[in-house]
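In the numbering used here, the protein residues as written are 1 to 348. Note that CB positions come from ideal geometry on N, CA and C, so glycine has one too.
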């Protein structure tokens, strides 16, 4: 199997003209971060002490510590905590609070945006944000809606809006419907999710064209799939952007052979951070998307050796929490992704 992904964070070196240290924005699929308490309203039996996974306090605390380690290492690479972290596969607000209460993360003083979703398993999406950098003005969940399947239950789209250095920003995090039943059979659900996200983005920018939009999540499709390229109108090259298009830096990464999760000896890139065009072509002296270090890429994938399976059938894959019902003590079956934004003076 071809070994891909970054061997670590790029050292961030910026050309002359940067007015300040850039801000990092992250998305991370936490992979089934459940507490150990049975909730009769959802199907969480397997993640209880009496369930198939024998999910107990020791395993839960190991998982929380692992997530602390990854998030702190993401921060340590820049000697600064990310200003926004979107997360998926979390059971409730309590588990989110347990992560940021860990000693290495507590200094960031993160706040949480979370809403319980109608997903049958009870997994949600949410945000951490730094109130000293992102000034929250509001937040809301938007239910997934597909007229052809009115009773289908899945994760909400979670949104929040506010300002960074006085500039209006809108964030959306989502976890699109899975490929259960096969990719082709489930494609319409993800295309419906894409159309709905696109409608949300359009309504936000119609209300205020100056708003800069960041869409992130585990989309359960690769960056080059139609749901993203067509449904979101997300382009992979800045020079190809037309008015209204979004920019997805992970298209270039996927085409270069990088991925965030592995399945059957192949890599996928389901974890995306996609931005509005006005964050790419922002005027000099305003916040804009920055390239990652000295690379040609505008997005990054975070991995460290300790996050990898070191032996066996899945050697080189992300070191996950469970394989089936066998506890691996790992981190997640996905790698986190990130972008940088900052103020950069345009060259004369």
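Please name the residue, chosen from the options, that lies closest to residue i on a Cα-to-Cα basis.
{"i": "residue 82", "options": "108, 214, 298, 165", "result": "108"}
{"i": "residue 258", "options": "40, 334, 152, 68", "result": "334"}
{"i": "residue 84", "options": "20, 164, 39", "result": "164"}
{"i": "residue 132", "options": "143, 141, 144, 110", "result": "110"}
{"i": "residue 408", "options": "79, 143, 296", "result": "Residue 408 lies beyond the stretch modelled for the chain, which goes from 1 to 348, so this question has no answer here."}
{"i": "residue 263", "options": "320, 56, 329, 276", "result": "320"}
{"i": "residue 38", "options": "87, 298, 92", "result": "92"}
{"i": "residue 202", "options": "267, 243, 323", "result": "243"}
{"i": "residue 77", "options": "40, 26, 224, 50", "result": "26"}
{"i": "residue 267", "options": "290, 330, 220, 74", "result": "220"}
{"i": "residue 162", "options": "140, 181, 328", "result": "140"}
{"i": "residue 114", "options": "86, 135, 134", "result": "86"}
{"i": "residue 146", "options": "196, 134, 106, 130", "result": "196"}
{"i": "residue 338", "options": "281, 303, 136, 149", "result": "303"}
{"i": "residue 226", "options": "205, 283, 207, 183", "result": "183"}
{"i": "residue 254", "options": "282, 265, 224, 281", "result": "224"}
{"i": "residue 130", "options": "284, 204, 315, 160", "result": "160"}
{"i": "residue 316", "options": "282, 265, 284", "result": "265"}
In the DSSP output, what is residue i paired with across the bridge?
{"i": "residue 323", "result": "326"}
{"i": "residue 86", "result": "27, 127"}
{"i": "residue 168", "result": "163"}
{"i": "residue 141", "result": "158"}
{"i": "residue 234", "result": "246"}
{"i": "residue 272", "result": "217"}
{"i": "residue 67", "result": "Partner(s): none; residue 67 has no beta bridge."}
{"i": "residue 134", "result": "164"}
{"i": "residue 301", "result": "337"}
{"i": "residue 174", "result": "217"}
{"i": "residue 318", "result": "308"}
{"i": "residue 33", "result": "90"}
Considering only the beta carbon of each residue, do residue i and residue j sit closer than 7 Å?
{"i": "residue 269", "j": "residue 240", "result": "no"}
{"i": "residue 349", "j": "residue 325", "result": "The shown model of the chain, from 1 to 348, leaves out residue 349, and the question about it has no answer."}
{"i": "residue 260", "j": "residue 301", "result": "yes"}
{"i": "residue 30", "j": "residue 68", "result": "no"}
{"i": "residue 272", "j": "residue 250", "result": "yes"}
{"i": "residue 236", "j": "residue 256", "result": "no"}
{"i": "residue 341", "j": "residue 287", "result": "yes"}
{"i": "residue 55", "j": "residue 43", "result": "no"}
{"i": "residue 72", "j": "residue 104", "result": "yes"}
{"i": "residue 277", "j": "residue 245", "result": "yes"}
{"i": "residue 351", "j": "residue 275", "result": "There is simply no residue 351 to check, as the chain begins at 1 and stops at 348 in what is shown."}
{"i": "residue 318", "j": "residue 28", "result": "no"}
{"i": "residue 22", "j": "residue 279", "result": "no"}
{"i": "residue 66", "j": "residue 322", "result": "no"}
{"i": "residue 343", "j": "residue 20", "result": "yes"}
Start and end of the beta strand (DSSP E) containing residue i?
{"i": "residue 277", "result": "Premise fails: residue 277 lies in the alpha helix (DSSP H), 277 to 280, not in any beta strand (DSSP E)."}
{"i": "residue 263", "result": "261 to 263"}
{"i": "residue 268", "result": "266 to 268"}
{"i": "residue 340", "result": "337 to 343"}
{"i": "residue 218", "result": "212 to 218"}
{"i": "residue 113", "result": "111 to 114"}
{"i": "residue 287", "result": "287 to 290"}
Kindly indicate the opening and closing residues of the alpha helix (DSSP H) around residue i.
{"i": "residue 77", "result": "It is not in any alpha helix (DSSP H) - residue 77 carries neither H nor E in the DSSP assignment."}
{"i": "residue 188", "result": "183 to 207"}
{"i": "residue 253", "result": "250 to 255"}
{"i": "residue 93", "result": "93 to 100"}
{"i": "residue 37", "result": "Note, residue 37: premise wrong, no alpha helix (DSSP H); not H, not E."}
{"i": "residue 227", "result": "226 to 229"}
Taking 6 Å as the cut-off, is the beta-carbon of residue i closer than that to any non-hydrogen atom of the ligand SAH?
{"i": "residue 301", "result": "Although the ligand SAH was asked about, the structure shown includes no ligands whatsoever."}
Are three or more beta carbon pairs between the stretch 167 to 177 and the stretch 110 to 125 nearer than 8 Å? Touching, yes.
For the pair the stretch 208 to 221 and the stretch 162 to 173, tell me if three or more CB-CB distances fall below 8 Å. yes
Is it a yes or a no for the stretch 109 to 119 touching the stretch 140 to 156, going by three-plus beta-carbon pairs under 8 Å? Result yes; three or more Cβ-Cβ pairs closer than 8 Å.
If we count Cβ pairs, one from each stretch, closer than 8 Å, do we get three or more for the stretch 55 to 65 versus the stretch 91 to 102? yes
Segment contact, 8 Å Cβ cut-off, at least three pairs: the stretch 189 to 208 with the stretch 223 to 233: yes
Report yes or no: do three or more beta-carbon pairs, one from the stretch 304 to 316 and one from the stretch 30 to 37, lie closer than 8 Å? No, the stretch 304 to 316 does not touch the stretch 30 to 37.
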